[in-house]
Each structure stands twice: as C-alpha cells, then as structure tokens.
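Here the structure comes first, spelled out in structure tokens, and everything after it is commentary.
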Amino acid sequence: MKHFATLLLSLLFFACSSNDEDIQNPNNPDDGGNNNPSNVITASNFTKTMDENPINNFNIGFITASSQMPLTFEIISQTPANSISVISSSGLLKVADNTKFDYELNPVISGVVKISNATNSVNVTITINLNDIYECSTSKLNFSKNTVNQNFTQRSNHKIIFFNNKFWSYGGINVNTSGNSSNQIWSSIDGLNWTQEVSNANYGYLNGRIPVAFLNKVWLIGSGTTNSTEVWQSVDGKNFTQVTVNNSTLNNYGRSKHQLVVFNNKLYIIGGKLDGTYQSGVLSSTDGINWTSISTNNPFSPGRQNHVSLVFNNKLWVIGGDNPINQGEFNDAWSSTDGINWTLESVDGFKFSKRTGHTVIEYNGKLWLWGGSLDLGTGGISRPSDLWKSCDGKRWQQVDNLVSPLATQFPYKVVNCQTIKVGNQIISIGGYNGTSYEPIWIFNE
Numbered sequence: 367m368k369h370f371a372t373l374l375l376s377l378l379f380f381a382c383s384s385n386d387e388d389i390q391n392p393n394n395p396d397d398g399g400n401n402n403p404s405n406v407i408t409a410s411n412f413t414k415t416m417d418e419n420p421i422n423n424f425n426i427g428f429i430t431a432s433s434q435m436p437l438t439f440e441i442i443s444q445t446p447a448n449s450i451s452v453i454s455s456s457g458l459l460k461v462a463d464n465t466k467f468d469y470e471l472n473p474v475i476s477g478v479v480k481i482s483n484a485t486n487s488v489n490v491t492i493t494i495n496l497n498d499i500y501e502c503s504t505s506k507l508n509f510s511k512n513t514v515n516q517n518f519t520q521r522s523n524h525k526i527i528f529f530n531n532k533f534w535s536y537g538g539i540n541v542n543t544s545g546n547s548s549n550q551i552w553s554s555i556d557g558l559n560w561t562q563e564v565s566n567a568n569y570g571y572l573n574g575r576i577p578v579a580f581l582n583k584v585w586l587i588g589s590g591t592t593n594s595t596e597v598w599q600s601v602d603g604k605n606f607t608q609v610t611v612n613n614s615t616l617n618n619y620g621r622s623k624h625q626l627v628v629f630n631n632k633l634y635i636i637g638g639k640l641d642g643t644y645q646s647g648v649l650s651s652t653d654g655i656n657w658t659s660i661s662t663n664n665p666f667s668p669g670r671q672n673h674v675s676l677v678f679n680n681k682l683w684v685i686g687g688d689n690p691i692n693q694g695e696f697n698d699a700w701s702s703t704d705g706i707n708w709t710l711e712s713v714d715g716f717k718f719s720k721r722t723g724h725t726v727i728e729y730n731g732k733l734w735l736w737g738g739s740l741d742l743g744t745g746g747i748s749r750p751s752d753l754w755k756s757c758d759g760k761r762w763q764q765v766d767n768l769v770s771p772l773a774t775q776f777p778y779k780v781v782n783c784q785t786i787k788v789g790n791q792i793i794s795i796g797g798y799n800g801t802s803y804e805p806i807w808i809f810n811e
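Below, the structure is given as structure tokens:
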C-alpha cells in the first residue's frame, strides 16, 4: 500500500510539470523543450519613416530579432498588398512595388512578419510612415531663339492677348529706339511673324491699362496716372472706343500695375497701385461696365503691384509682385475659387526666390516661372537667373535641366516680357534684361 501511494504521488508530480511547460510555450504544445534558451526568439516590431517614391528593391531596413537557432522571416500579411518583401534568411525588408509607396495613396505601409526557428515562432508588426515629398514632372525644357520678322521692335512693358484667332500686342517701350512705341498695336497668327495694325492708337499710351478678351471684345482697363480708371473696348482688336461705367465703384478704385483676369464668366481686377497705396482688394464685373468691390479687407496681404494673376486648376492665383512700402518683393502664391476668399498656398521650403515683374505661364499642366527683378535697397537691381516650375502652384522647384546649345543665353533675367502658348510651345516675347531687349524665344518640353 505504501508502494502504491508513492507511485501515485510520482505520477501526479510529472503531470503537473508537463502542464506548466505548455503554458509557457503555447506555440508548440507538443515540444517539451521550449524552455530551452536556445529556442527563445527575441524580436521587436519594425517602425520606420522614409520618403515616398523610392526605387524598386530599395533596402528599407532589417527586422531586429535574435535566437540561438537559425531564423527565417515570412510576410503573412501587408497593406497595400505586394508592396514590401523580406529576405527570409536575414529579415531585410525591401520595396517590392514602388508605385505603392505614394503618400497621396498610402501614407502608411503596414504588415505582419512571422519569425521562426526550428521549434518556435513569433509575429512582429511592420509600420512604414511615408514623408510627403513634392513631386513634379522631371521633363526637360528645350528652347531656341527666333530670328524671323525683326521688324517687330524689341520691347518691354507690352501686353499680349489672344482674340479672334490672333495674338495682339499692345504698347511697349524700347528706350534704345527713336520715339516711343507704347501706343502701337501689332497682330500675329503664329506668335512669330508680326504685322503692325496701328502705329498710334487713339487711347494714347498703354500706361497702366491692361487688355483682356471678354464677351467677344478686347477691353482695356486701368490708368497709369490718375485715380480714375478708363475703360476702352474694341470689336476688332484695333479700333477702340471709350466706355462710360454705370457706377462710381471702378472710378473710386482706379489703379495701375494691377492684373485683369477672366474667370468663371466674370472680369476681375486684382491688386495694383492707387493714389500711392498698394491694393489687395478685388473688383468684379459680368459685363465690363458695372463693377462690384467684392473683397476689400486685404484678402492677400500686403497689397501689391507687378504681380502675376492667372487661372490654374480652376482657381484664381496671385503670384509674387512687390510693395515698396511694405516688405518689398514677394515669393508667395495665393489662390481663390471665388475672388473673395483667398488662401495662402505657399509651402515653406518650396518657394521660388522673391521677385516682381516676372513671368508665370501654365503649360502642359504645370506653372513655369522666370524673370523679374529684386530691389537691393542700395539703388541697385538684381535680376534672378533661375527658372522654376510647379505642378500645384503651392510648391515650386528650381529647374536646372535645360536642353539647348544656347543654355547660357536663356532669358532668365528678363523683366516685363510676355509669354503665350501656341500649340505645344511657349513663346516668350520681349522684355528687358538690364542691357538690352530680348527677342522672341520658343520653348517646349
């Protein structure tokens, strides 16, 4: 009886010991050796922050894991699918499909990796946070100089619009020629060959007036010398009559060096100079005659002149310009969907250099910017020698991949030139570079 009790006690002891080992090693309940230190796997979850748009097979990093036995690594889930891979023998994570590493689509890449040795396994999580990196086209810009039709006098401060299937050039100055060409009117079908239509326009010098095509007419609006704003119109682009506005709003906000833009079937006057002050107010009109002040409380502050306003991505934009009294030149960009409410779009770290009198044009879904000047404050003028582009108007990147034997002659430093789109080309006409007036340049991607 005593022998039987001893045997029963021994059986109970061994049964309790086996059950303890199963709790400690739930992954392998049939393996009685899991408490052996050589079987233990120590691992950490993997977290990393990296830039978007890496190349395929880019090495992301190693999963930290250790064991006295050889380890293998296996991805058991990931989001998005097939975005990452792992080297089974080392735990090195790699980019499997770089199109998935797009911040706008997948700001976070995640997954689970199973780490195993001969007798045990653990799971670790993978978290890859992507940085939003500005990306715009890497296309190159080709350009050439046009030597055709030199009778179109080189000039600056002129204005060019497209109307009735022609380009029309109004005004312009060339101090190196006899007389003053600021009240000439020229036309062109292709932007390269120009014909003089009027040698002495009846509206006088262009001064602060800005032309625009609207409601099947050409409108000239603005004033260079007084606080009243003149309005002229033409049905053929060359014969103008002065129009009397039906209210005092426009006269009260008369200005020069402003911008005049057509947007959503309305005319908008944006910024400019009025009686020695620089405006950020906006006027609008549905007919060119009746005007409403729609935004007077410094929607883009401070007020400015010599800025660029255009329509891009279904928004109105104000880009750069100057205010000699407050802050000098600007390198900001503002947008509005209604002309009333404006948003500062500029992103720190992605701004073009400060300037005024520059050029901005939309081409192939991007904005291109060059030229202009910067007052050095000592009586000197700096003309930036750079070229910028933006795919969203918010973030700008400098272009340094020009393709042309004439790369050193690119008109970076031009001020007050005019740019137009003809087919798949940009044509830049005139402007002053500090020593001479630029000819006609042709650009394409």
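Position in the sequence shown (first residue = 1) + 366 = my numbering. For every residue, glycine included, the Cβ atom is placed at its ideal position computed from N, Cα and C.
| Item | Value |
| --- | --- |
| Since Gln520 is in the beta strand (DSSP E), which residue starts that stretch and which ends it? | Looking at the DSSP string, Gln520 is not in any beta strand (DSSP E), and its letter there is neither H nor E. |
| Using only the alpha-carbon positions, how far apart do Gly637 and Ile691 sit? | 15 Å |
| By DSSP, does Thr465 sit in helix, in strand, or in coil? | helix |
| Apart from the five residues on each side of it in sequence, which residues of its chain come closer than 7 Å, Cβ to Cβ, to Phe518? | Trp552, Trp560 |
| Inspect the CB distances between the segment 486 to 504 and the segment 414 to 430 and report whether three or more fall short of 8 Å. | yes |
| In angstroms with no decimal places, state the Cα-to-Cα distance between Asn549 and Leu572. | 6 Å |
| From Asp688, Asn656, Val488, Gly537, pick the residue whose C-alpha is nearest to that of Leu742; which is it? | Asp688 |
| When DSSP labels each residue in this structure, what does Ser719 get in the three-state scheme? | coil |
| In chain order, what residues of the same chain lie with their CB nearer than 6 Å to the CB of Trp534, ignoring the 5 residues before and after it? | Ile527, Ser553, Gly603 |
| Tell me which residue opens and which closes the beta strand (DSSP E) that Gly427 is part of. | 425 to 428 |
| I need the DSSP call for Pro577, collapsed to helix, strand or coil. | strand |
| If you check the beta carbons only, do Thr438 and Ser410 fall under 8 Å apart? | no |
| For the beta strand (DSSP E) containing Glu711, name the first residue and the last one. | Neither: Glu711 is in no beta strand (DSSP E) and is coded neither H nor E. |
| Going by beta carbon distance, what residues of the same chain come within less than 8 Å of Lys466, once the five residues before and after it are set aside? | Pro446, Asn448, Ser449, Asn472, Ile475 |
| Output the distance between the C-alpha atoms of Trp734 and Leu740, rounded to the nearest integer angstrom. | 19 Å |
| What did DSSP end up calling Ser565 once you bin it into helix, strand or coil? | coil |
| Which first and last residues belong to the beta strand (DSSP E) in which Phe696 is found? | Looking at the DSSP string, Phe696 is not in any beta strand (DSSP E), and its letter there is neither H nor E. |
| In angstroms with no decimal places, state the Cα-to-Cα distance between Asn393 and Ser487. | The predicted model places Asn393 with a pLDDT of 45, which falls under 50 and marks its position as unreliable; any figure quoted below should be read in that light. Spanning the two alpha carbons is a distance of roughly 7 Å. |
| If I'm right that Lys632 touches Ser650 with Cβ under 8 Å, what's the distance once you round it to whole angstroms? | 5 Å |
| Which residues in the same chain as Val628 place their Cβ atom closer than 8 Å to its Cβ, once the five residues preceding and following it in sequence are excluded? | Val578, Ala579, Phe580, Tyr634, Val677 |
| For the beta strand (DSSP E) that contains Gln434, what are its first and last residues? | Where Gln434 is concerned, there is no enclosing beta strand (DSSP E), given that its DSSP letter is neither H nor E. |
| State buried or exposed for Ser802, treating a residue as buried only when at least 16 other CB atoms are found within 10 Å of its CB. | exposed |
| DSSP on Asn405, reduced to helix/strand/coil? | helix |
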